[in-house]
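Following: one structure in structure tokens, then a few remarks.
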Amino acid sequence: MFEPCTGLFLERLEWLPKRKMMRAVSISHLFRVSATTRSVLGRYVVALLILGVLTALSFMVVQSLIARMEASEDVVAQASELRSSVHKTMLALDRISMGDQAEARKEARFEAEGLQAGLAKLLDTFNRSEPQTEVRSIMDDPHDGLARQVHMLVERAKAAVAEHQETQHAPSSHSGSAATHTESMNHQSHGGGGARHLAHGAHGAPAMKAVDALIKKLRENAHAEQEHAAFVHNVLGVSMLVILLIEAAIIFRPLLKRAETETRRADLVTSELEYLAAHDALTGLLNRGQIDRVLSVAVKDAVNTNRQMGLILLDLDGFKAVNDTLGHAAGDAVLTAVAKRIQSILSSTNIGGRLGGDEFIVILPNLQKESEAETIAMQLLSSISEPVYFEGREIIPDASIGYAMFPIAGSNVAALLSAADLAMYNAKRSGRGRISKFSEQMRAESERARLIDNEIKSALPSGQFEVYYQTIHEADSGRISAAEALIRWHHPRRGILTPDAFLEDLRRIGQMDALTTFVLGEAIRQVSTWRRAGFNIGNVHVNVAEEFLLKADALNELKSLLAAHGVHPSSLVLEIPEETSLNNPAVVATIEGFHAAGIRVAVDDFGVGSVSMHHLCKPAIAVVKIDRALVRDIHSSSECRALMASIAGMFRDMGKSVIVEGVETRQEAELLRAVGFEQFQGFLWARPLPAAEVLSTALAIQPKVA
């Protein structure tokens, strides 16, 4: 709505929403789970399952590798023990070969048994460790395998032990043999023993070599398995990292993107809610609350910069009739069209708003001269009065516009609004489609109206209103045939006031119905009082406002009043002004209800209003009262006399009772009687008087009724 501006005012209004009216939104959509979200969540669960499987697989593989490494370490440990046993066995065999017989045989036998047990244990552990083929070949090779070499070493040790045991237990009586044995042993000691020692070592070396080869291979395999375990661990780690990256790319990124989208959507919702809080939902203009804030800023800025600003109030004329006859949809169409036309007229520095109903406001924060406000008001009035088309119907809006200038009309928001409001209502009172500028006289009149309002509101309950009566007389005899009830206000400061001085104020503040009810009650009660005093007034005429006729319970209210005072319905004549809208079905229905109940209805002030003649043809209209305006020239104008004669004859033929109002001279009375009128009301016979004076006057000119 606003464009960049150097003015301080617009700088202070940058926070105001700038978009046009957007659709109302609901915050609940932020929490809906879409199909896309469900798909992303499904993929997220699958990825978590994959990660779980990989983690479990990693754990299982590592555990398996650890178990194999532990088994391999057990084999290595037992192989090392076996190597030690082989070494010890070799040493024991060497000692046997060097002549250390008893102790060496004992040690050889022990080591051989340990070697055999160690081999069995190693084979058991080895088989349980599920060795590789290369390792198994070192253990199980039929020629050079460790098992075979160890078995051969054990057998050699056992053979050596057995051999030396046999030598030790040979018979000593055979001296030649002993000598030979001794010689042989000495020979072995000095030459043959070296061969034996080498033979024992030759048997132990392959076993030692096989053990070393096994240990080396096992250690190489353990190292390889460690590297393999590290490789598997790294592969699984990298796999999980890749999975996580894939999750981030495929799952988390959409989720983050959705979160970002939802954040933007939440910001949009917030922005839209802020917009809706500041703008009228129907027209898109600023609403009342926001207008108050903007106007406050504008006034402060005008005070600080010491420059003029203007305020325009605009109220559509006849808008209620559009709603009542064409419906609220048509009314909304008119309001929307008017809002668009207001926006089209305003520049970027001016601001339009809707105060509510059919009332709009325009803030002109930066005016160089006062005439600019009037120019904009005229443009608004011209644009608004263009036709609006709704469902094939043409609606022509109209408006009453009032404007006020700062600081002349007021130095604060309340004073400026009040001034523009007074100007607008002054335009409305002047007629449709008017523009009015505020003046201090309007404020003075407003203050006077405020005082009158307060006085009127207190006048009725405090008994300041009194009903006077003006009698109606027969043309021939002068006898009283009826009386019209007329309200008077005994004002504490201004004396006795006639209705002309306060009826408009009563209508403006909505007190017409209350006053009508008061007069009806007083008049009906007075008819009953007069009759008890012996004075038959005939009929009493009471003026009723259109507001009373529109009451749904008007007829029942009258029936209750008549019954309460014992007055027959035919004794009451209700006078309605000629300008009363007899086209209104509700008014017509009420009048027909009065007629059906026996209450007569009179059209007042005939000849100066705009009543359609076809309404006067209806039986519900029983009496016609001719206004003084048609009587004034009867003594000097033959055309006037001819017109009056025609009126008298027309209503006589229609069966209507006719009363001529405002008869003030005998000449007028004679001329009216001559053209056919039979009942007169005017100062010639009586002025409006209090009820007591009416009774004394009536008794003086006509006898009491028994």
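Residue numbers for the sequence shown follow my numbering, beginning at 173 and rising by one. We put the beta carbon where it would ideally sit given N, CA and C, even for glycine. The structure displayed is predicted, hence computed values, not measured ones.
Which of the three DSSP states is assigned to Thr670 in this structure? Along the sequence shown, one-based indexing puts residue 670 at 498. Three-state DSSP puts Thr670 in coil, outside helix and strand.
Does the count of Cβ pairs from the region 826-841 and the region 790-809 closer than 8 Å reach three? yes
Collapsed DSSP secondary structure at Gln683 in the structure displayed: The residue you call residue 683 lines up with position 511 of the sequence shown. Coil.
Out of Ala581, Gln235, Glu434, Leu692, which has the shortest C-alpha to C-alpha gap to His737? Here residue 737 corresponds to residue number 565 of the sequence shown, with the count starting at 1. Comparing Cα positions, the closest option is Leu692.
Other residues of its chain near Arg800: CB distance less than 6 Å, five sequence neighbours each side excluded: For the purposes of this step, residue 800 is identified with residue 628 of the sequence shown, where counting begins at 1. So the list reads Glu833, Gly834, once near-sequence residues are dropped.
Contact under 9 Å by Cβ, Leu291 with Val333: Residue mapping note: residue 291 aligns to position 119 of the sequence shown, counting from 1. Residue mapping note: residue 333 aligns to position 161 of the sequence shown, counting from 1. For Leu291 and Val333, no; Cβs fall outside 9 Å.
DSSP beta-bridge partners of Gly482: Reading the sequence shown from its first residue, position 310 is the one you call residue 482. The partner list for Gly482 (beta bridge, DSSP) reads Leu536, Met577.
Excluding the five sequence neighbours on either side, which residues of its own chain have a C-beta within less than 7 Å of the C-beta of Phe298, listed in chain order? Your numbering for residue 298 matches position 126 in the sequence shown. Val247, Met311, listed in sequence order.
Assuming the contact rule is C-beta atoms closer than 8 Å, Asn393 and Ser257 should be a hit. Round their C-beta distance to whole Å, please. For the purposes of this step, residue 393 is identified with residue 221 of the sequence shown, where counting begins at 1. For the purposes of this step, residue 257 is identified with residue 85 of the sequence shown, where counting begins at 1. So it is not a contact: roughly 23 Å between Cβ atoms.
Between Gly650, Ala655, Glu638, Ile668, which has its C-alpha nearest Thr688's C-alpha? As a working note, residue 688 is residue 516 in the sequence shown. The shortest C-alpha separation from Thr688 is found at Glu638.
Specify, as a first and last residue, the run of the alpha helix (DSSP H) that Asn495 falls within. Numbered from 1 along the sequence shown, position 323 holds the residue referred to as residue 495. Note, Asn495: alpha helix (DSSP H), 491-498.
Under DSSP, the beta strand (DSSP E) around Gly528 begins and ends at which residues? Taking the sequence shown and counting its residues from 1, the one referred to as residue 528 is at position 356. That run of the beta strand (DSSP E) goes 523-528.
Leu454 to Asp504 span [Cα, whole Å]: Position 282 of the sequence shown holds residue 454. Position 332 of the sequence shown holds residue 504. In a straight line, the C-alpha of Leu454 is about 7 Å away from that of Asp504.
Is the separation between the beta-carbon of Gly605 and that of Ser572 shorter than 9 Å? By one-based count along the sequence shown, residue 605 stands at place 433. By one-based count along the sequence shown, residue 572 stands at place 400. A contact, by the Cβ cut-off of 9 Å.
CA nearest to the CA of Ile624, picked from Glu646, Ile607, Arg666, Ala586: By 1-based counting over the sequence shown, the position of residue 624 is 452. Of the listed residues, the one whose Cα sits closest to Ile624 is Arg666.
Candidates Ser611, Gly456, Ala686, Glu764: which alpha carbon is nearest Ala631's? Translated into positions along the sequence shown, residue 631 becomes position 459. The candidate whose alpha carbon is nearest that of Ala631 is Ala686.
For Ser810 and Met816, I'd like the C-alpha separation in whole angstroms. The residue labelled residue 810 in the question sits at position 638 within the sequence shown. The residue labelled residue 816 in the question sits at position 644 within the sequence shown. So the two alpha carbons sit approximately 10 Å from each other.
Whose C-beta lies closer than 6 Å to the C-beta of Leu386 among residues of the same chain, with five residues either side of it excluded? As a first step, residue 386 is located in the sequence shown; it is residue number 214 there, counting from the start. Within the same chain, Leu386 has close Cβ partners Ala251, Ile310, Leu318.
Within the same chain, show all residues whose beta-carbon is closer than 8 Å to that of Ala599, passing over the 5 residues directly before and after it, in chain order. As a working mapping, residue 599 is identified with position 427 in the sequence shown. Here the set comprises Ser572, Ile573, Gly574, Arg606, Ile607, Ser608.
For Ile763, which of helix, strand or coil comes out of DSSP? Numbered from 1 along the sequence shown, position 591 holds the residue referred to as residue 763. Helix.
From which residue to which residue does the alpha helix (DSSP H) around Asn459 run? What you label residue 459 is simply residue 287 of the sequence shown in a count that begins at 1. Counting along the chain, Asn459 falls outside any alpha helix (DSSP H), and DSSP gives it neither H nor E.
Of the choices Val699, Glu676, Val745, Arg704, whose alpha-carbon is the least far from that of Leu719? Residue numbering aside, residue 719 sits at position 547 when the sequence shown is read from its first letter. A small correction: the amino acid at residue 719 is Glu; Leu does not occupy that position in the sequence shown. Measuring from the Cα of Glu719, the nearest candidate turns out to be Glu676.
Does the separation of the CB atoms of Tyr640 and Leu669 fall below 9 Å? What you label residue 640 is simply residue 468 of the sequence shown in a count that begins at 1. What you label residue 669 is simply residue 497 of the sequence shown in a count that begins at 1. Cβ distance not < 9 Å, so Tyr640 and Leu669 don't count as in contact.
Does the separation of the CB atoms of Met596 and Gln480 fall below 9 Å? Reading the sequence shown from its first residue, position 424 is the one you call residue 596. Reading the sequence shown from its first residue, position 308 is the one you call residue 480. No.
Would you be able to state if there are at least three C-beta pairs under 8 Å between the region 714-728 and the region 736-752? yes
I'd like the list of long-range same chain contacts for Leu552, defined as Cβ closer than 6 Å, with 5 residues on each side in sequence excluded. Numbered from 1 along the sequence shown, position 380 holds the residue referred to as residue 552. Within the same chain, Leu552 has close Cβ partners Ile517.
Measure from the alpha carbon of His740 to the alpha carbon of each residue in Thr752, Ile709, Val585, then state which is nearest. Position 568 of the sequence shown, counting from 1, holds the residue named residue 740. That would be Ile709, whose Cα lies nearest to the Cα of His740.
6 Å CB neighbourhood of Trp857 in its chain, flanking five on each side removed: Within the sequence shown, numbered from 1, the residue matching residue 857 stands at position 685. Taken in chain order, the residues that qualify are His645.
Beta-carbon separation of Glu542 and Gly603 under 9 Å? For the purposes of this step, residue 542 is taken as residue 370 along the sequence shown, with counting starting at 1. For the purposes of this step, residue 603 is taken as residue 431 along the sequence shown, with counting starting at 1. No, the Cβ-Cβ distance between Glu542 and Gly603 is not below 9 Å.
For Ala878, which residues in the same chain have their Cβ closer than 8 Å to its Cβ, ignoring the five residues on either side in sequence? Here the question's residue 878 lines up with position 706 in the sequence shown. Bear in mind that a pLDDT of 35 at Ala878, under 50, signals an unreliable position, so the number given afterwards is only what the model happens to contain. For Ala878, where only same-chain residues beyond five positions count, the Cβ hits under 8 Å are Gly706.
Neighbourhood of Val866 by C-beta, 7 Å cutoff - its chain only, sequence neighbours within 5 removed: On the sequence shown, position 694 is the one that residue 866 refers to. The answer, listed in chain order, is Tyr641, Thr643, Ala655.
Gln853 - DSSP class collapsed to helix/strand/coil: For the purposes of this step, residue 853 is taken as residue 681 along the sequence shown, with counting starting at 1. Strand.
8 Å contact criterion, which Val466 and Leu457 should meet: CB distance rounded: As a first step, residue 466 must be located in the sequence shown, where it is residue number 294. As a first step, residue 457 must be located in the sequence shown, where it is residue number 285. With a Cβ gap of about 11 Å, Val466 and Leu457 do not count as contacting.
Determine which residues share a DSSP beta bridge with Ile238 and list them. On the sequence shown, position 66 is the one that residue 238 refers to. DSSP, once it has assigned bridges, lists no residue as partnering Ile238.
What residue range is occupied by the uninterrupted beta strand (DSSP E) comprising Val560? Walking along the sequence shown from the start, residue 560 turns up at place 388. Val560 -> beta strand (DSSP E) spans 560-562.
Could you check what DSSP says for Val795 in three-state terms: helix, strand or coil? The count along the sequence shown starts at 1 and reaches residue 795 at position 623. The answer is strand: DSSP assigns Val795 an E or B state.
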